[in-house]
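The structure appears below as structure tokens.
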């Protein structure tokens, strides 16, 4: 803890910065803190547990090691820290104006991950993934992207280590968000709509994963990169929660009462929440879309990570690997499955989950934009909708609840969704 | 100076944050530091110097007072600081990866004004302008916008004080940047293309000012707000340079050798540069577009601020108030005139000016995006192009030159311009 170096909190402070020297130098591995080891992923053909060799065509050895690691902390390489320093540590912000607008005694804080180059939390994992692959001789990465946040992040990360980057983008998002393609190309990435073999299909994350995996297994120079779900991705994201712990302390808070984040595959929720897991007094809450209610309505069972069944089976909450969610604007949350870590925590009751409908999400987003000045990504609005529910509950009970949420990305490349909402044309899911 | 509170510089530090307690509480007024008082603005009809009463239909009394003030410092109201704290102080960043890419011994720093709600430096003045008008009983503001940055900032600021906001947007930009309208509407603003009486005209800042002034003089509840040029706007922007002075000190720098910013009307250049004016060893440099070369090719004489001749005449560099610049992407720099303060400094040789062509600007922007991770606004690229020239000159001369520039805004709502550039379709000015 570097509390002594943080500025002392002032009663009017709303933003809690950390000096760069307080940037975490190791990731927090949740594995030793789980009630029991995770169930192993199973080979898609044999249904036997997969070993490192099975994953080698897709991932760097170092990442496979992290996927299965049980060490409590894993060092962040200096070459990764050098790139993370372009935007980290990110600010912790007290949303005082939102508190005032809600008339709540709750104290609301958010980690502002929107300040990254890609505008979301995603580069936290894209950078180490690109780095480890580069170090192991790989020259090209393939990946999928939903809303475009992950593809943007990986394009940025590949530019830092001089890697090629091929992005398969869910067709519905590709069409809704033309600027996403441009920003990926600005960093040297290439972008194609998915599924590549059916131009009439709106696409899904599962199908785009199939396209990206097929690309990677077909080329020796190429590995695959996943932006969520897997243990090593959540591991990389824990810098968010680790920084937040230091910053809450400098804001004078002992702990948050509840930690909230949107949940699609689980990476931003895991990033902010997992470092708080060892403290049983901290509630953890996942906010997901009502149109893709994996945690609130899915089954907890082994399923494929992709549509075509190329990936190992994982024990997780799932809506079925052939589920095609409605084309809501929160493209990053349109995933049939969920992180095995998050799924286990929800299954065991350690983590709560709630679902929000699209219009309520945009109502929360516009309120947030007007009072806090930040225009949220549609994904982020799911978290904000939950924050508002928690704050209102605290108000009803007269509690000084401390709420921490992850502001996982800005909506500046999602403004078409706002246009639809402001025009009254945004429909709720059936 | 709050140096003691800043974190000590580390050799690997790239970002220098300030605690919120170091936010400047007074603006730096350059008037006492000029070689002689500014020439007075002249009434458009009588050509006599205008007094406060002449400006009262357009501006709040407090702003008129600031326009003519000679006090060295002007206090920032607490209600304004409360809103500025949503994003200020902004980071000072050392662009180490750009230095490496250029192979230069120069040390390059930038103020990151892109982290504001509106994504540019513009809210620094929009917020106090909205506040003073609200306090004086005004319920609605009208304004013009070029690229959209100022209109976005004023819409945000009006939302903070519950004011209506009417934005007249240069038609060419209105058509190039549809998301700009959406973000202004998200904050409750209304946006119409200008000139309102000629749908076939691409528009200009001068014509949009005419539309906005005409709106304001026709309604008792409405004042006009200008986002650049005027003394009080540059005054509000000096928080940028004042913060930079503290941050450079915490980075171990005695002073910058040169301070650089893009210059359209002069607000972001004035903001970063004017606090350094009293030190004659600091060079000040304006970067403007070759297609609208006000400072490098204009005449220094009295001219109207707008096309229709509604505004007072000001002594400034001008290309003529009926000049219609080509529709380059840096819409914020397409102005026929310039700030009287900036003009006087250039005229007297205290400030330098250089012009850049559009393709060179985007080349600089793409390099910056790839190495520093930030996608600049087209306007910002003019400053970056000058930074690269200065760094290369330092390299040639073997000098450890300290370069400070204002990264005045991000380009996330300008990606159509990048698409054109990356496709090879971006043409240089004739």
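Protein chains in written order, with UniProt numbering: chain A, 1 to 430; chain B, 1 to 430. C-beta: ideal position from N, C-alpha, C; glycine also.
I need the DSSP call for residue 96 of chain B, collapsed to helix, strand or coil.
It is helical.
Name the residues in the stretch 136 to 161 of chain A whose C-beta lies less than 9 Å from a C-beta of chain B; which are they?
Within the stretch 136 to 161 of chain A, the residues whose Cβ lies closer than 9 Å to some Cβ of chain B are 156, 159, 160, listed in chain order.
Short of 7 Å Cβ to Cβ, which residues in the stretch 170 to 182 of chain B face chain A?
Flagged, chain order: 179, 182.
Compare the C-alpha of residue 134 of chain B against each of B:154, B:94, B:380, B:324 and name the closest.
The shortest Cα separation from residue 134 of chain B among B:154, B:94, B:380, B:324 belongs to B:154.
Let me know the secondary structure DSSP gives residue 116 of chain B once reduced to three states.
Coil.
Residue 248 of chain B and residue 407 of chain B: beta carbons closer than 8 Å?
No, they are not a contact pair.
Just to make sure I have the definition right: I need the residues of chain A whose C-beta is within less than 7 Å of the C-beta of residue 369 of chain B. Which are they?
Those are 186, 187, listed as they occur along chain A.
Could you tell me the alpha carbon to alpha carbon distance between residue 24 of chain B and residue 32 of chain A, rounded to whole angstroms?
Rounded to whole angstroms, residue 24 of chain B to residue 32 of chain A spans 47 Å at the Cα level.
Give the list of continuous beta strand (DSSP E) stretches no shorter than 3 residues that lie fully inside the stretch 43 to 100 of chain B.
Counting only runs of 3 or more, we get 73 to 75, 92 to 94.
Under 8 Å between the Cβ atoms of residue 195 of chain A and residue 189 of chain A?
No. Outside cutoff.
Can you look up residue 187 of chain B in the DSSP assignment and give me helix, strand or coil?
Correct three-state label for residue 187 of chain B: coil.
Which residues in chain D sit within 8 Å of residue 125 of chain B, going by Cβ to Cβ distance?
No chain D appears in the structure shown, which is made up of the protein chains A and B.
Does the beta carbon of residue 50 of chain A come closer than 8 Å to any beta carbon on chain B?
No, residue 50 of chain A does not count as interfacial toward chain B.
Under 7 Å Cβ to Cβ from residue 387 of chain B, same chain only, skipping five residues before and after it: list those, please.
Taken in chain order, the residues that qualify are 108, 260, 403, 405.
Buried or exposed for residue 14 of chain B, going by 16 or more other Cβ atoms inside 10 Å?
When all chains shown are included, residue 14 of chain B counts as buried.
Comparing the C-beta of residue 373 of chain A with each C-beta of chain B, is any distance below 8 Å?
Interface residue, yes.
Quick one: what's got a C-beta closer than 6 Å to residue 382 of chain A's C-beta in the same chain, skipping five residues either side?
Hits under 6 Å: 262, 287, 356, 361.
In terms of residues, what are the limits of the beta strand (DSSP E) holding residue 285 of chain B?
Taken as a continuous stretch (DSSP letters only), the beta strand (DSSP E) holding residue 285 of chain B covers 283 to 289.
Using the Cα positions of residue 1 of chain B and residue 250 of chain B, report the straight-line distance between them to the nearest angstrom.
Since pLDDT at residue 1 of chain B reaches only 29, below the 50 mark, its modelled position is unreliable, and the value read off the structure follows with that caveat. C-alpha separation (whole angstroms): 10 Å.
Which residue or residues does DSSP assign as beta-bridge partners of residue 318 of chain B?
The partner list for residue 318 of chain B (beta bridge, DSSP) reads B:299.
Which value, in whole angstroms, describes the spacing of the CA atoms of residue 258 of chain A and residue 301 of chain A?
So the alpha carbons of these two residues sit roughly 27 Å apart.
How is the beta strand (DSSP E) around residue 232 of chain B delimited, first residue to last?
Here residue 232 of chain B belongs to no beta strand (DSSP E); instead the alpha helix (DSSP H) covers 231 to 237.
Looking at the unbroken beta strand (DSSP E) that takes in residue 168 of chain B, where does it start and where does it end?
164 to 170 is the extent of the beta strand (DSSP E) around residue 168 of chain B.
When the Cα atoms are used, what is the spatial distance from residue 16 of chain B to residue 255 of chain A?
Going from the Cα of residue 16 of chain B to the Cα of residue 255 of chain A covers about 27 Å.
Measuring straight from C-alpha to C-alpha, what distance separates residue 90 of chain B and residue 18 of chain B?
The straight-line gap from Cα to Cα measures roughly 8 Å.
Along the stretch 9 to 23 of chain B, what residues have a CB closer than 9 Å to any CB found in chain A?
Residues 10, 12, 13, 14, 15, 16, 17, 18, 19, 20, 21, 22.
According to the Cβ coordinates, are residue 230 of chain A and residue 275 of chain A closer than 8 Å?
Their beta carbons are not under 8 Å apart, which means residue 230 of chain A does not touch residue 275 of chain A by this criterion.
Measure the C-alpha to C-alpha separation of residue 8 of chain B and residue 246 of chain B and round it to an integer number of angstroms.
Annotation note: pLDDT 39 at residue 8 of chain B (below 50); position unreliable, no value reported.
Compare the C-beta of residue 77 of chain B with all C-beta atoms of chain A and state if any pair is closer than 8 Å.
Judged by the 8 Å Cβ criterion, residue 77 of chain B is not in contact with chain A.
For the stretch 391 to 425 of chain B, which residues have a beta carbon sitting closer than 7 Å to at least one beta carbon of chain A?
The residues in question are 412, 413, 415, 418, 419, 422.
Between B:212, B:147, B:79, which lies nearest to residue 118 of chain B when the distance is taken from Cα to Cα?
Nearest option by C-alpha distance: B:147.
Please classify residue 427 of chain A as buried or exposed, where buried requires at least 16 other C-beta atoms within 10 Å of its C-beta.
With fewer than 16 other Cβ atoms within 10 Å, it is exposed.
Our contact map puts residue 97 of chain A next to residue 375 of chain A with C-beta atoms below 8 Å; I'd like the distance itself, whole angstroms only.
With 8 Å as the limit, residue 97 of chain A and residue 375 of chain A do not qualify as a contact, their Cβ atoms being about 15 Å apart.
Please tell me whether residue 199 of chain B and residue 169 of chain B are closer than 8 Å, where the distance is taken between their beta carbons.
No, Cβ-Cβ distance for residue 199 of chain B and residue 169 of chain B is not below 8 Å.
Residue 117 of chain A touches chain B at which residues, Cβ-Cβ below 7 Å?
Within chain B, the residues near residue 117 of chain A are 373, 374.
Would you mind listing the beta strand (DSSP E) stretches within the stretch 332 to 413 of chain B that are 3+ residues and don't spill past its ends, in chain order?
Taking only runs of at least 3 residues, the beta strand (DSSP E) segments lying wholly in the stretch 332 to 413 of chain B are 351 to 356, 402 to 407.
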